[in-house]
Each structure stands twice: as C-alpha cells, then as structure tokens.
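Participant: Residue numbers (the working numbering), protein chains in the order written: chain A, 42 to 121; chain B, 311 to 476.
From the three backbone atoms N, C-alpha and C, an ideal C-beta is built for every residue, glycine too.
My questions all concern the structure below.
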C-alpha cells in the first residue's frame, strides 16, 4: 500500500453502487482544504470510470488509483 | 482554450431532465442522472408531467370528478408505488425489483429523490397535467420548486448543456 501520500480524509465507500460512490466523493471533497487528499475505497466496478470522469468534469485530480482483487482505491486531490 | 480558462469564462453547466413516465426504471434512471449531474457541479432541473407526476406525489388520494377519482385510484400511491414498465404483474414485479435492489445495496427510488433534493436538484411540475388529472399542488411534496409549462421548459432546454427525457 502507498504510505507516502498524506491523506486528509478516508472514505469507505465499499458496497455502494452507482451513482452513490461518486456522489459521496463530491459531498465529502469540500471537507478537505484545497490541495488536500481524499482516499476513497470502492467496490463498485463502474466507479472506476465514474469517479475518473467526475474528477475531470469537476476539475479535481486523481493522483493515484490502485485496483486490488475487490477494492478500488482512489487518491483524489481537491484542486479548487 | 485551456480547461481552466474555459471554466472561468463560463457559468455553471446546466442540465434539464424531462420526465413523462412513472415507470420504476425510468424514474430510477432520471434521478440517478440528475444526482450524477448535480454531483458534477451542474445546475439540474427536472420537469415532471403525466405519469411522471407520481415521482412528486404525496401518498394521498387525488381527483374530484369521477374520471379523475378513478385515475387517482388506479394511479394511487406515491413514488414507492412505481411499477416497472415490464413484468408488472399487479405489483409483484415491483416487490421483486425492490427486493433485488435492496439485496445489492442499490439506493431505492425514495432515497434517490431525497439525495437529489439534498444536492440541490430543482423539481418542477406541469401545470396543465396537474389540472387535467386533478392533482393540486398541495398533493405534491413540499420540495417542488414551482408549477410551470412548456415556455419555461423551452427556456431551460435552450440554456442547457444537455437535456434528457424519460
């Protein structure tokens, strides 16, 4: 696991289905300061594309993605 | 134009969603897309007409005249009574769908609507169909922003980055 990225907020979104994972990310991103990092863990396969697109449309940045057996881990930087 | 510049020179993006159906899967898709757009920083407006009004109805009887009362009985109940467009089987399909959705931890219709409201999605009802079907404003949920018509819808559609209809 990556330990060198400083995470400001952890989001456990495992078990949630579309469209909830991206909605929870969008609702929680403002809880970290601009430049802060949210680490979100999902299990919904569609969230891989969804959260990636969400970041593009909202101008936030995914600095790292990790895909395990079940879990998908996003490190999302709040850009504005 | 760079993304940043484009963003600065443009106001928030807009989406308009037109809902004429009261079918479970269409309402499900309409609310999911509304929520997704709102979460993507868009201003979202939903317009409900005909059977789509079910999505805004309180769980109360509607209709004064004979035909409207009959319709009120046949179309009884609120958003939780939305039947799937296929395999309705007099409520069996609805029951089965709800169970399947719950088992997979997918949000139900009422939850999706609540989330949409929470995210600032605005909901509008169609004036003329409310009149015809005798569903007065008081029988719709309090969150309905306004009762409007086609002129309003055209204006919203013109200003929108996308419109969907269900």
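1) Bridge partners of residue 436 of chain B, per DSSP?
2) Can the beta-carbon of residue 458 of chain B be found closer than 8 angstroms to that of residue 434 of chain B?
3) Would you call the CB atoms of residue 448 of chain B and residue 427 of chain B closer than 8 angstroms?
4) Nearest CA to the CA of residue 93 of chain A: which residue from A:77, A:75, A:57, A:113?
5) Between the alpha carbons of residue 406 of chain B and residue 332 of chain B, how many angstroms are there, rounded?
6) According to DSSP, simplified to helix, strand and coil, what is residue 429 of chain B?
7) Residue 342 of chain B versus chain A: which residues are under 9 angstroms apart at the beta carbon?
8) Which class does residue 356 of chain B belong to by DSSP, given the choice of helix, strand or coil?
9) Below 8 angstroms, can you find three or more Cβ-Cβ pairs linking the stretch 56-70 of chain A to the stretch 88-107 of chain A?
10) With a threshold of 8 angstroms between beta carbons, is residue 98 of chain A in contact with chain B?
11) Got a sec? Which residues, its chain only, sit under 8 angstroms from residue 108 of chain A by beta carbon, not counting five neighbours each side?
12) Would you be able to state if there are at least three C-beta pairs under 8 angstroms between the stretch 335-344 of chain B and the stretch 412-422 of chain B?
13) Do we get a CB-CB distance below 8 angstroms when we pair residue 88 of chain A with the residues of chain B?
14) Residues of the stretch 423-436 of chain B with a CB closer than 8 angstroms to any CB of chain A: list them in chain order, please.
15) What are the start and end residues of the beta strand (DSSP E) that includes residue 115 of chain A?
16) Are there 16 or more other CB atoms within 10 angstroms of the CB of residue 311 of chain B, so buried, or fewer, so exposed?
17) Which residue comes first and which comes last in the beta strand (DSSP E) that contains residue 475 of chain B?
18) Return the residues of the stretch 63-85 of chain A that lie within a Cβ-Cβ distance of less than 7 angstroms from chain B, sorted by chain order.
19) Using a beta-carbon distance below 8 angstroms, is residue 455 of chain B in contact with chain A?
20) Cβ of residue 470 of chain B less than 8 angstroms from any chain A Cβ?
21) Going straight from the alpha carbon of residue 106 of chain A to that of residue 81 of chain A, what length do you get?
22) Determine the chain B residues that contact residue 56 of chain A at a beta-carbon separation under 8 angstroms, and present them in chain order.
23) Is residue 120 of chain A buried or exposed, if buried means 16 or more other CB atoms sit within 10 Å of its CB?
Facilitator: Looking at the atomic coordinates:
1) B:458
2) yes
3) no
4) A:113
5) 17 angstroms
6) coil
7) 59, 60
8) strand
9) yes
10) yes
11) 89, 114
12) yes
13) no
14) 425, 429
15) 113-118
16) Any reading at residue 311 of chain B is ruled out, since the residue's pLDDT is 46, under 50, leaving its predicted position unreliable.
17) 472-475
18) 63, 64, 67
19) no
20) no
21) 10 angstroms
22) 415
23) exposed
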